[in-house]
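Numbering (our numbering), first residue to last: 52 to 195. Below is one structure, written out as structure tokens; comments come after it.
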């Protein structure tokens with residue numbers, strides 16, 4: 052993709068435009084002439100500090116999105132055994148939270164049966180996530 056850098060931006064960011072530098076560009080997308088281009092407003096040389104800052108910001112955004120979701124779904128790889136149901140009951144009975152828990156049991160490769168439970172849990176509880184992932188039949192846990 053072509054990036055357009057005007058002289059005023061270039062003069063402020065000359066050190067970032069060295070060969071072999073990896074940069075992050077903030078700008079406006081233009082579709083003039085039928086080709087997408089980025090009009091550069093700001094550029095930063097990629098560094099570990101910027102990566103850590105970006106990672107922190109993305110984690111906060113992800114947590115905010117997840118907090119606005121209401122239901123916690125536990126997806127399974129295959130049919131759920133009585134032993135798994137017993138273990139889930141034990142884990143979820145000790146939890147409190149605002150996310151209603153649903154089980155997603157596979158019908159075939161592409162479809163799942165949604166089963167509502169009477170449990171509520173906190174999706175952001177790392178210990179709960181570890182316990183659920185320790186169950187071999189659990190494929191993944193997701194807020195939706």
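C-beta: ideal position from N, C-alpha, C; glycine also. Predicted model, so just to flag it, every value in this text is computed and none were measured.
Contact annotation, residue 93 with residue 77: C-beta distance approximately 4 Å; criterion of less than 8 Å satisfied. Rounded to the nearest whole angstrom, the CA to CA distance from residue 180 to residue 164 is 21 Å.
If you draw a 10 Å sphere on the C-beta of residue 130, you find fewer than 16 other C-beta atoms in it, and that means exposed. Relative to the Cα of residue 144, the nearest Cα in the group 55, 183, 116 and 108 belongs to 183. Contact between residue 67 and residue 95 is confirmed by a C-beta separation of about 7 Å, below the 8 Å threshold. Look at the stretch 62-95 and you find these whole runs of beta strand (DSSP E), each 3 residues long or longer: 74-81.
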